[in-house]
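Protein chains in written order, with our numbering: chain A, 1 to 317; chain B, 1 to 308.
Everything below concerns the one structure shown next.
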């Protein structure tokens, strides 16, 4: 009888203890995360909701009469989906992402493989040079390339004409080449960053694997395909997701280099949000655009997460 | 006997010629492999040198043009090495823009954001990696979703919010909203997880409080990660264009990157290239100097970000 009571008492005490620990952990967890969470709540969560509410109104800035924004339901979205310019912006953003993300990954991987050669000298020097453009701002990078590509002053149009190409070639000012040129400049600026990540991934692969494959008579391609690529899988996931999400946000290059032109050929969604909100003062419309972009990004993010999980499951199975 | 010897000698001779043939073949293969190796190494060097040139060439042009008289820059055909040099672009730049003030603003802005957000991010990362509290999983999921919100979508309400607080065109206005960032929290959390738990358990048995464990055990063990997050923060804010461009409309708080954008197409399209390049160089130089000091550890830190 007494032992039973003491047992249940001990049980109670343990339960109490567990509860006390849980309560203490919760307190500690809240205390540590609070400073960051408060900042994020005020300047990310709250504005995100606010943007959605604004997207349902005809809100404007700079309107002479300070009339309150009127609730108009999903009218902004309807107008948006019916406007041809919007679909041009979506197309431009997707074209940019589909060109930029694979190119930056392939270039980064190619130079990581080159720099990973054991017999190579000056690796540090090459790596630093390739990383350098990543440190400077997109603004400075854009200014430099704008000058070099300038049809009336630039070295590249001059060299092209010397080689028998067209004179005063205007890569940024021609509809067919403007977006590709912006992609090129962004790859130039960013691939060094991804290269460093790949290089670390490559250095983590055991040399024994390659030796064993050589003994089995594997070709260089087979070694790459069956050892290098699978080992780089986590690195790939990281690089692709950041490359894609980043490419949906493209703005600075467009702002400095082309202002969305010529003939809207480089106008991306983010650039359009900027001109609608801060140029035309159409806050409701710009907010609706923001939400369309947010949903596009979420979809890509979720697809990426889903395929990652699938691969991981397959690898376990 | 003698015939036998003769046969064996003959055999050896045959074997020898066979051996010689194999040796020659091996030698040939080895040579071939060596040639192949030399060729591929040479090609690698050529590719690397070409790309390295492409990487630094635009930056060299910025430096050269910033010291070239505008009359020379505007002649066709363009030359890599100009026929004359000048410092006029720099004097003209200083008369057009309050460069000193803008540099100071940028240092205050990027510096303050970096210090505060690295502190807040690492606190949050500690909570999310070391403390097992209820709701942690949900919190992590919410934070991951946050990373996908485009900054542009938040700009308008944040601008209005700061306006209602009277913080537009002030240091506080550009610094406060940046005091935490989700990317930094995740990177630090990833690193904190890899620090052995025994360390803090030992300290806990000795009676250390959570904050002491954070400050005296976790932080000193996470220096490379903190340095990397800090450098990313500093670079990102130093180079940021849109945020300071929208939140500051007066030179008293404008950063150098936003000031530089004012020199190009938007605002005044008549700025000569030499002056713009001088501005570009001055805006990039402080960051490049910082980069060269932390280079090795920064690159190592980035390498860490791609691994799980």
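Don't be surprised by glycine CBs; every beta carbon is placed ideally from N, CA and C.
Only those residues of the region 285 to 308 of chain A whose C-beta falls short of 8 Å from the nearest C-beta of chain B are listed: 286, 287, 290, 291, 293, 294, 297, 298 and 301. For residue 136/B, the enclosing alpha helix (DSSP H) begins and ends at 136 to 146. In the three-state reduction of the DSSP assignment, residue 86/B falls in the coil class. In the structure shown, residue 198/A adopts helical secondary structure according to DSSP, grouped into three states.
For residue 129/B against residue 180/B, the beta-carbon gap comes to about 16 Å, at or over 8 Å, which does not count as contact.
Of all residues in the region 222 to 243 of chain A, only 234, 235, 238 and 239 place a beta-carbon less than 8 Å from a beta-carbon of chain B. Within 8 Å of the CB of residue 77/B, the CB atoms of chain A belong to 158, in sequence order along the chain.
Per DSSP, the beta-bridge partners of residue 57/A are 71/A. Between residue 257/B and residue 241/B the beta-carbon gap is near 5 Å, inside 8 Å, which marks them as a contact. At the C-beta level, residue 177/B and residue 43/A come within 8 Å of one another. Under the 8 Å Cβ criterion, the region 208 to 223 of chain A does not count as touching the region 194 to 214 of chain B, having fewer than three qualifying pairs. Contact between residue 52/B and residue 129/A is confirmed by a C-beta separation of about 4 Å, below the 8 Å threshold. For residue 209/A, the uninterrupted alpha helix (DSSP H) run begins and ends at 207 to 215, by DSSP. Burial check for residue 272/B: the Cβ neighbour count within 10 Å reaches 16 or more, so the residue is buried. The three-state secondary structure of residue 15/A, taken from DSSP, is helix.
From the beta-carbon of residue 54/A, the residues of chain B found nearer than 8 Å are 156 and 157. For the region 214 to 237 of chain B, the residues whose beta carbon sits under 9 Å from a beta carbon of chain A are, in order, 214 and 235.
Here the C-alpha atom of residue 33/A lies approximately 12 Å from the C-alpha atom of residue 143/B. Sorting 203/A, 250/A, 240/A and 242/A by C-alpha distance to the C-alpha of residue 227/A places 203/A at the top. A distance below 6 Å between beta-carbons, with the five flanking residues on each side excluded, links residue 168/B to the following residues of its chain, in chain order: 162.
The CB of residue 25/A comes closer than 7 Å to the CB of 131, 132 and 133 in chain B, given here in chain order. Interface flag for residue 87/A against chain B is unset, since no Cβ pair is found closer than 8 Å. The Cβ of residue 119/A sits closer than 8 Å to at least one Cβ of chain B. Residue contact check for residue 152/A against chain B: a CB pair falls below 8 Å. In the DSSP assignment, residue 118/A is bridged to no other residue. Counting along the chain, the unbroken alpha helix (DSSP H) around residue 223/A starts and ends at 220 to 223. Close partners of residue 280/B in chain A (Cβ separation under 8 Å): 139, 140, 143 and 144. Think of a sphere of 7 Å around the beta carbon of residue 210/B: the chain A residues whose beta carbon falls inside it are 28, in chain order.
The beta-carbon separation of residue 92/A and residue 268/A, rounded to 5 Å, stays under the 8 Å limit for a contact. For residue 92/B, the CB contacts under 6 Å within the same chain, skipping 5 residues up- and downstream, are 275 in chain order. Taking a contact to require three or more Cβ pairs closer than 8 Å, the region 92 to 106 of chain A and the region 163 to 173 of chain A do not qualify as touching.
Of all residues in the region 165 to 180 of chain A, none comes within less than 7 Å of chain B when Cβ atoms are compared.
Taking C-beta atoms under 8 Å as the contact rule, residue 234/B and residue 110/B qualify, at a distance of about 5 Å. With a threshold of 8 Å between beta carbons, residue 152/B makes contact with chain A.
Residue 196/A is positioned such that its CB atom lies closer than 8 Å to that of residue 302/B. Contacts between residue 73/B and chain A, judged by CB atoms closer than 8 Å, involve 153 in chain order.
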